[in-house]
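Chemist:
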Amino acid sequence: MKMELGQLQPAHNMARPLAIDARGLVKRFEGTLAVDGVDLAVPEGAIYGILGPNGAGKTTTLRMLIGIIDPDTGTRRVLGHDRPQEIARQIGYLPEERGLYPSMKAVEAIAFMGALRGVPLAQGRRRGRELLERHGLGHAADRQIRQLSKGMAPTVQLLGTLVHRPRLVVFDEPFSGLDALNQGKLEELIRNLAAEGTTVIFSTHVIAHAERLCEGIAIIAGGKVPFAGSVDVARDRIAPQVRLETRAADGPWRSALPADARSASRAGGSTFWHFSLPDGGIEQLLRRLIEGEAGILSLSIERAGLHDAFVAIAGEAAARALSRTNDGEDA
Amino acid sequence: MSADRLSHLQAAWVIARRDFAAVLFSRAFFFFLLGPLFPLVVGAMAGGIGQKVASEANQSDIGVVMAPADSKAMLAAYRELAPRLGTTLPRLVEMELPGDVADAEQFLRERRGQAAAIVTGTPATPVLTGPPEAIGNWRGPLSLVAASAASTDKPSYPEIATVAVATSAAKERAGRILTAQAGQMLLFLLTMLLAGMVLSNLVEEKGNKIIEVLAAAIPLDALFMGKLFAMLGVSIVGIAVWGSVGGTLTALGSGALPSLPEPGVGWPLFFVLGVIYFAMAYLLLGSIFLAIGSLANTVREVQTLSMPVTMAQLMVFFFASYALSQPDSWVGFAADVFPLSSPFAMLALAAQSERLAPHALALAWQALWVYLFVRAGAALFRRRVMKSGPARTSRARGIFSDLLRKTRRAAG
Numbered sequence: 001m002k003m004e005l006g007q008l009q010p011a012h013n014m015a016r017p018l019a020i021d022a023r024g025l026v027k028r029f030e031g032t033l034a035v036d037g038v039d040l041a042v043p044e045g046a047i048y049g050i051l052g053p054n055g056a057g058k059t060t061t062l063r064m065l066i067g068i069i070d071p072d073t074g075t076r077r078v079l080g081h082d083r084p085q086e087i088a089r090q091i092g093y094l095p096e097e098r099g100l101y102p103s104m105k106a107v108e109a110i111a112f113m114g115a116l117r118g119v120p121l122a123q124g125r126r127r128g129r130e131l132l133e134r135h136g137l138g139h140a141a142d143r144q145i146r147q148l149s150k151g152m153a154p155t156v157q158l159l160g161t162l163v164h165r166p167r168l169v170v171f172d173e174p175f176s177g178l179d180a181l182n183q184g185k186l187e188e189l190i191r192n193l194a195a196e197g198t199t200v201i202f203s204t205h206v207i208a209h210a211e212r213l214c215e216g217i218a219i220i221a222g223g224k225v226p227f228a229g230s231v232d233v234a235r236d237r238i239a240p241q242v243r244l245e246t247r248a249a250d251g252p253w254r255s256a257l258p259a260d261a262r263s264a265s266r267a268g269g270s271t272f273w274h275f276s277l278p279d280g281g282i283e284q285l286l287r288r289l290i291e292g293e294a295g296i297l298s299l300s301i302e303r304a305g306l307h308d309a310f311v312a313i314a315g316e317a318a319a320r321a322l323s324r325t326n327d328g329e330d331a
Numbered sequence: 001m002s003a004d005r006l007s008h009l010q011a012a013w014v015i016a017r018r019d020f021a022a023v024l025f026s027r028a029f030f031f032f033l034l035g036p037l038f039p040l041v042v043g044a045m046a047g048g049i050g051q052k053v054a055s056e057a058n059q060s061d062i063g064v065v066m067a068p069a070d071s072k073a074m075l076a077a078y079r080e081l082a083p084r085l086g087t088t089l090p091r092l093v094e095m096e097l098p099g100d101v102a103d104a105e106q107f108l109r110e111r112r113g114q115a116a117a118i119v120t121g122t123p124a125t126p127v128l129t130g131p132p133e134a135i136g137n138w139r140g141p142l143s144l145v146a147a148s149a150a151s152t153d154k155p156s157y158p159e160i161a162t163v164a165v166a167t168s169a170a171k172e173r174a175g176r177i178l179t180a181q182a183g184q185m186l187l188f189l190l191t192m193l194l195a196g197m198v199l200s201n202l203v204e205e206k207g208n209k210i211i212e213v214l215a216a217a218i219p220l221d222a223l224f225m226g227k228l229f230a231m232l233g234v235s236i237v238g239i240a241v242w243g244s245v246g247g248t249l250t251a252l253g254s255g256a257l258p259s260l261p262e263p264g265v266g267w268p269l270f271f272v273l274g275v276i277y278f279a280m281a282y283l284l285l286g287s288i289f290l291a292i293g294s295l296a297n298t299v300r301e302v303q304t305l306s307m308p309v310t311m312a313q314l315m316v317f318f319f320a321s322y323a324l325s326q327p328d329s330w331v332g333f334a335a336d337v338f339p340l341s342s343p344f345a346m347l348a349l350a351a352q353s354e355r356l357a358p359h360a361l362a363l364a365w366q367a368l369w370v371y372l373f374v375r376a377g378a379a380l381f382r383r384r385v386m387k388s389g390p391a392r393t394s395r396a397r398g399i400f401s402d403l404l405r406k407t408r409r410a411a412g
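Respectively, the protein sequence lines represent chains A and B.
Under my numbering, the first residue of the first sequence carries the number 1, and numbering increases by one thereafter.
Under my numbering, the first residue of the second sequence carries the number 1, and numbering increases by one thereafter.
1. Determine the contact status of L322 (chain A) and H209 (chain A), defining contact as a CB-CB distance below 7 Å.
2. Note down, in chain order, every chain B residue with its Cβ under 8 Å from the Cβ of E44 (chain A).
3. Quickly, what does DSSP pair A88 (chain A) with across the bridge? List them, please.
4. Does the count of Cβ pairs from the region 303-314 of chain A and the region 233-243 of chain A closer than 8 Å reach three?
5. Using the rule of at least 16 other Cβ atoms within 10 Å of the residue's Cβ for burial, across every protein chain shown, is D179 (chain A) buried or exposed?
6. Less than 7 Å between CB atoms is the rule here; does G197 (chain A) satisfy it with respect to chain B?
7. Using only the alpha-carbon positions, how far apart do P343 (chain B) and G196 (chain B) sit?
8. Identify the contact partners of P219 (chain B) in chain A, using a Cβ-Cβ distance below 8 Å as the criterion.
9. Taking only beta carbons into account, state which residues of the region 331-362 of chain B come closer than 9 Å to chain A, listed in chain order.
10. Buried or exposed: where does E211 (chain A) fall if 16 or more other Cβ atoms within 10 Å of its Cβ makes it buried?
11. Nearest chain A C-beta to E172 (chain B) closer than 7 Å, yes or no?
12. By the criterion of Cβ-Cβ separation under 8 Å, what are the contact partners of A296 (chain B) in chain A?
13. Cα-Cα, which of B:L363, B:W330 and B:W267 is closest to S416 (chain B)?
14. Are the beta-carbon atoms of A218 (chain A) and A228 (chain A) separated by less than 7 Å?
15. Does the structure place the region 138-156 of chain B close enough to the region 219-238 of chain B that three or more beta carbon pairs sit under 8 Å?
16. Looking at the C-beta of R5 (chain B), does it have a partner C-beta in chain A at a distance below 7 Å?
17. Considering only residues of the same chain and omitting the five flanking positions on each side of A221 (chain A), which have a CB-CB separation below 6 Å?
18. How would you call H293 (chain A), buried or exposed, if buried means at least 16 neighbouring beta carbons within 10 angstroms?
19. Count the other C-beta atoms from every protein chain shown that fall within 10 angstroms of the C-beta of N54 (chain A), then say buried if there are 16 or more, exposed otherwise.
20. Could you check whether the region 15-25 of chain A touches the region 178-197 of chain A, counting it as contact only if at least three pairs of C-beta atoms, one from each stretch, sit closer than 8 Å?
21. Under the three-state reduction of DSSP, which class applies to E301 (chain B): helix, strand or coil?
22. Taking buried to mean at least 16 other C-beta atoms within 10 Å of its own C-beta, is T325 (chain A) buried or exposed?
23. Output needed for V331 (chain B): all residues of its chain with C-beta closer than 8 Å, excluding positions within five of it in sequence on either side, in chain order.
24. Using the DSSP secondary-structure output, state which residues sit across from D36 (chain A) in a beta bridge.
25. Three-state secondary structure (DSSP) at Q114 (chain B)?
26. With a threshold of 7 Å between beta-carbons, can Q144 (chain A) be considered close to chain B, or not?
27. Strictly under 7 Å for the Cβ-Cβ distance: is L51 (chain A) near chain D by that measure?
28. Helix, strand or coil: which one does DSSP assign to L244 (chain A)?
29. Shorter than 7 Å from the beta carbon of F175 (chain A) to some beta carbon of chain B?
30. What residues from the region 263-289 of chain A come within 8 Å of chain B, judged by C-beta to C-beta, listed N to C?
31. Taking 6 Å as the limit between beta carbons, can you name the residues of its chain near L162 (chain A), skipping five residues before and five after?
32. Identify, in the order they occur along the chain, each residue of the same chain with its Cβ nearer than 7 Å to the Cβ of L81 (chain B), setting aside the five sequence neighbours on each side.
33. How would you list, in chain order, the residues of chain B whose beta-carbon sits under 8 Å from the beta-carbon of P95 (chain A)?
34. Kindly list the residues whose CB is nearer than 6 Å to the CB of F272 (chain A), restricted to its own chain and excluding five residues on each side of it in sequence; keep chain order.
35. Taking C-beta pairs closer than 8 Å, name the residues in chain B that S103 (chain A) reaches, listed in chain order.
36. Look up K105 (chain A) in the DSSP assignment and say whether it is helix, strand or coil.
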């Protein structure tokens, strides 16, 4: 199945109303095309990932979706509204560059972020304390932000993003800068939000997060979205991979293997073969291997991972850029 | 207002409340309150030293070198006339020329002694020797002294009866101009002292990277407005503190503040208009400074901007001051209409005229320009700053960084 650039392919339940419906978003900065015709369809209650390397247009896309900047052309409807800032109370946003006022107490910072979204200060403080308690930071409620550890301050900002109980939460690279423990906690939080009916959309350059969490993804590279749909559909863009181990290294049976088969010898004398699952299935191939006395030792058929799908969809260059982004963060 | 977002006013209030509290309860505010103390102390010290130097420099005598009887007569006549002559003539002192000096001219040319000039001859034919500008000023009063000394009939000096008139049109006009100048000067000093604070206001948000959180939640012009009003509130607290301290010290001290003629609209209304025009001048200049400052990324860039901004403030003040003396000319009209000079010009008008209607019109006009400046600043900020993610932001940092880079490149 071949898909046109930016074509929508929501594999989710089509009956669900869309929390985000963006079509043909284009944004230029001083003549440079940052986002080039992005389409997105995010159902309500979904966890949706925007996957791409740095500079692909993820942040600009998210900023357009929540109304920080307006697209040059294209339309976006967010929770049924054309002007996202008009429904700021229903949206929570965590930018990639985290920041809070250093002299504010943690609970005051959360209350202030709530106040920006219409929550009265007293109520914001109460909810802030509850959220901090629930996430194991109750003891830090009255500490200034500058006194918190590097792991605690981002959590406070994250809780500030949720204090007004938004219907849609937008996270820009939420896992960036978090250690493995906190990444796990954040994944759990995102799942809980979705379970409560909140729509979560986040950008990431880490395929594993998108693969584990997302019901739908948009792959973005060079400002374009070559794929938007479910993770399963993305993985199905590549034929499953067959892993075959034979006792014999060669023989007449070998002509039965698909053209893309690659071999690797093992110290024990057996040979491993890798190739895409043939269109006609595995049965016919197996029969010919048995008849040709290839000596089958093991056989497995593996579905393609999202990384392979990303390479196939976005291209090698985008995949390399994604790896560089990840390496840069690891460093 | 939509129920799904804060109105502009509500959003501005949230920002203003946070900023106001953050500034007011910071250590920096204490130093801010002490700010005017430093120029006052330095000014008082400089004034005291200057006065001492000046009084020492001005302490000059005229030496009288005459026959003993003539000298005595000259000094007696001087003592009698001194109260009527005031400061027009320095003190006369009797002196003798040293033996190695031929005359007064040689004595002064050789810079000997402390006398600024020397009078020789007789009371009937006095000769004044001294620097040209001094002898020009002193020859008239000295001739009166000499005439009195030479005369055997001492003249009587009649008491002059006086009739005081409360005021005259000329005096009232001159007095009100003085009040207008004083009002403009105070307004300028306060505006210059306080409006510059907003230059660095958004640097904190950009440094803390909280700006995107704010921009996502509320309209940027509400953010700008909130920040402006927060700093206006801080300024008014500062002025109230300074005013209270100054007033208390004056009441406890001599109470010798210079009394100014009553302004055209009367003191209470003049005071109220002064506060309102300060707020307008602050908001107008502040909105421009906020927009300029918002495009700077670092405190260093803000400091670079401070000088041209201060010069611009001075130009506005000079323009309004110049227009003060010609209220009915096109210059006066231009000063009233030009948004940045309007508060200064209108405060001067309040001092000079009883009319109130122009103030209502001017305040509406100034408020409109505050709104326009804030909108334009917010639009510029949105266009220049909110352009992309962190990776790009570091490359395209703002027009001031660009300018600095280009200037450095041009400098080689």
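Every residue gets a Cβ at the ideal spot worked out from N, C-alpha and C, and that includes glycine.
Modeler: The answer reads as follows:
1. no
2. The contacting residues do not exist; E44 (chain A) stays about 16 Å from chain B at best.
3. For A88 (chain A), which the question treats as bridged, DSSP gives no partner whatsoever.
4. yes
5. exposed
6. no
7. 17 Å
8. Q85
9. none
10. buried
11. no
12. By Cβ distance, chain A contributes nothing, its closest Cβ being about 17 Å from A296 (chain B), past 8 Å.
13. Nothing can be reported for residue 416 (chain B): it is not among the residues displayed for chain B, which extend from 1 to 412.
14. yes
15. no
16. yes
17. G52, A56, A314 and A318
18. Residue identity check: residue 293 (chain A) is Glu in the sequence provided, not His. Its Cβ having fewer than 16 others within 10 Å, E293 (chain A) is exposed.
19. buried
20. no
21. helix
22. buried
23. Y322 and A323
24. A:V26
25. coil
26. no
27. Although the question refers to chain D, the structure presented lacks it and instead comprises the protein chains A and B.
28. strand
29. no
30. none
31. G92
32. L144, V145 and S148
33. K209, E212, V213 and A216
34. E245 and A264
35. A22 and S26
36. strand
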